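*Asks:* Here it is, the structure in full.
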Amino acid sequence: MGWWLFMILVILQWNARSLIANGQEFKKFVTDLLDKPQVICVQETWLKPQLDFVIYGYTTIRNDRETGKGGGVATFVRNDVKYNLVNKGKEHESVVVRIQTGKDSIMIVNFYNPCNRLSTDTLNAVCGVTQGKTVWCGDFNAHSTIWRSKNTDINGSVIEEFIDDKNLVCVNDGKGTQYSSSHNTESAIDLTIMSTEMAGISLWEVLDQSTVGSDHYPIITRIEVEIHQDSELKTPRWRLDKADWQMFQMLSEIKCVELVNKDIRDVEEMNRKVTRAIIQTAEETIPKKTRIEQRKSVPWWNESCTIVIKKRNKALRQLKAHHTLVTLINYKRAQAVVRRTIRSAKRGYLRQFCNKNLK
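All letters in the sequence shown, in the order written, are residues -21 to -1, 1 to 338 by mature numbering (1 follows the signal peptide of the UniProt record, and there is no 0).
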């Protein structure tokens, strides 16, 4: 069950350079976004099967790198959005899901290329033989003058050929998506590619105020479409503390007497009618919550975490404006302080929580 809602499909993509190191800050980043993304595509998760990573309110589809370090992709789909898994790459790092829309669907491809040489065969193998609306999000490690790189390399040429064959458009506007703190340069290697018919109703934006601990900026893509939302996940809850229990008891007794007088002998039928009577009585006497309370994704977050992130972001701005050895060291130190502070805050919260529940 569900309903169709005309709205903006928000896709967040980001190369994490390790969710192990930067994942907790990323959870807070997602929580603070005004427009909560329906889909989040993360590359370079660096996760292994034995490691868990959850963003509250989202379903996680992971494709971890089986051998070697680094790599891996994860797609997070918001719980109220209807989707199905299309493919998880075995020879390449990708996750493909299909989001249900009003008239058809949108296939969303989360792709990471670890500096390998691309081919059209590789890209075709990721999504298979597909028709319809498609959005590619990922780190392609490719350069092309189409997305305003200084030059076009082999991978860039392959992607140019691929998007021509598939009638796709790269919606990047030339802004840098990856920042090299060592060289104070930006490159556009994180791409968003989509079907031509959606390019005109989309808005692409690099959130370059912070890298969230990585060396890549988060990217938001907004597309005007109809989204299928699951109504079962929005079911209101009974407010038992506000119930009129005297009226509930009186009406329940009246309804039960009426059922007894009907002399129903079939057990299953009697069970259905009693259940229906109780629910009807509850509807009349017990109010419901109009909004389900949202659990905090990072309950351990404190003011210290916020302060050190602001200092780190300020150090990043200073590094970009005046790239020297001093500003580079200051930025690296500020980054280390952020990770240490977040780790300490989480451990302290968990320790306090455990001590409280053991008493």
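Glycine is no exception: its CB is placed at the ideal position from the N, C-alpha and C atoms. Small disclaimer: the values here were computed from a predicted structure and weren't measured.
1) Alpha carbon to alpha carbon, how far is N58 from L212? Give it in angstroms, no decimals.
2) If we count Cβ pairs, one from each stretch, closer than 8 Å, do we get three or more for the segment 271 to 290 versus the segment 121 to 138?
3) For D43, tell me which candidate among V287, Q22 and L97 has the shortest Cα-Cα distance.
4) Given a cut-off of 9 Å, decide if R216 and K267 are closer than it, judged by their beta-carbon atoms.
5) Under 8 Å, with one C-beta from each stretch per pair, do the segment 85 to 102 and the segment 62 to 77 reach the 3-pair mark?
6) Would you list the residues sitting across from C106 in a DSSP beta bridge?
7) Under three-state DSSP, which class holds W279?
8) What do you reckon, are the CB atoms on S174 and N146 nearer than 9 Å?
9) Between F227 and N240, what straight-line distance do the alpha-carbon atoms span, to the nearest angstrom?
10) Exposed or buried, which one is V52 when buried takes at least 16 other CB atoms within 10 Å?
11) If you follow the beta strand (DSSP E) that Q225 is part of, which residue opens it and which one closes it?
12) Buried or exposed: where does R319 fall if 16 or more other Cβ atoms within 10 Å of its Cβ makes it buried?
13) Helix, strand or coil for F32, going by three-state DSSP, please let me know.
14) Which residue's Cα is closest to the Cα of S166: W126, E70, L219 and D223?
15) So, at 6 Å on beta carbons, what are the nonlocal neighbours of E184 in its own chain, with the 5 sequence-adjacent residues on each side left out?
16) Can you tell me which of T124, S136, E139 and G81 puts its alpha carbon nearest to the alpha carbon of K112?
17) Taking only three categories from DSSP, how would you classify A121?
18) Taking the C-alpha atoms as reference points, what is the distance between N334 and A261?
19) Among T254, R201 and T190, whose alpha-carbon lies nearest the alpha-carbon of K311?
20) Starting from R41 and walking both ways along the beta strand (DSSP E), at which residues does that stretch end?
21) Answer yes or no: do D223 and T264 have a C-beta to C-beta separation smaller than 9 Å?
22) Return helix, strand or coil for I257, following the three-state DSSP convention.
23) Between R218 and L(-13), is the Cβ-Cβ spacing less than 9 Å?
*Replies:* Reading it off the structure:
1) Confidence at L212 is low in this model, with a pLDDT of 49, below 50, so its placement is unreliable and the value that follows should be read with caution. Each residue's alpha carbon lies about 8 Å from the other.
2) The segment 271 to 290 vs the segment 121 to 138: no contact.
3) Ranking V287, Q22 and L97 by CA distance to the CA of D43 puts Q22 first.
4) Their beta carbons are under 9 Å apart, which means K267 touches R216 by this criterion.
5) Below 8 Å, enough C-beta pairs join the segment 85 to 102 and the segment 62 to 77 to call them touching: three or more.
6) Within the DSSP secondary-structure output, C106 pairs in no beta bridge.
7) Under the three-state reduction of DSSP, W279 is assigned to coil, being neither helix nor strand.
8) Contact: yes.
9) The alpha-carbon atoms of F227 and N240 are separated by roughly 20 Å.
10) It is buried - the Cβ of V52 has at least 16 other Cβ atoms within 10 Å.
11) Judged by DSSP secondary structure, Q225 falls outside any beta strand (DSSP E) and instead within the alpha helix (DSSP H) spanning W224 to N240.
12) By the 10 Å Cβ count, R319 comes out exposed.
13) Here F32 sits in coil by DSSP.
14) Out of W126, E70, L219 and D223, W126 has the C-alpha closest to the C-alpha of S166.
15) Excluding residues within five positions, the ones whose Cβ falls inside 6 Å are I199.
16) Of T124, S136, E139 and G81, the residue nearest in Cα terms is G81.
17) Coil.
18) The alpha-carbon atoms of N334 and A261 are separated by roughly 39 Å.
19) Residue T190 is the option with its Cα nearest to K311.
20) Where R41 is concerned, the enclosing beta strand (DSSP E) stretches over Y37 to N42.
21) Going by beta carbons, D223 and T264 fall inside the 9 Å limit.
22) If DSSP states are grouped into helix, strand and coil, I257 belongs with the helices.
23) No. Outside cutoff.
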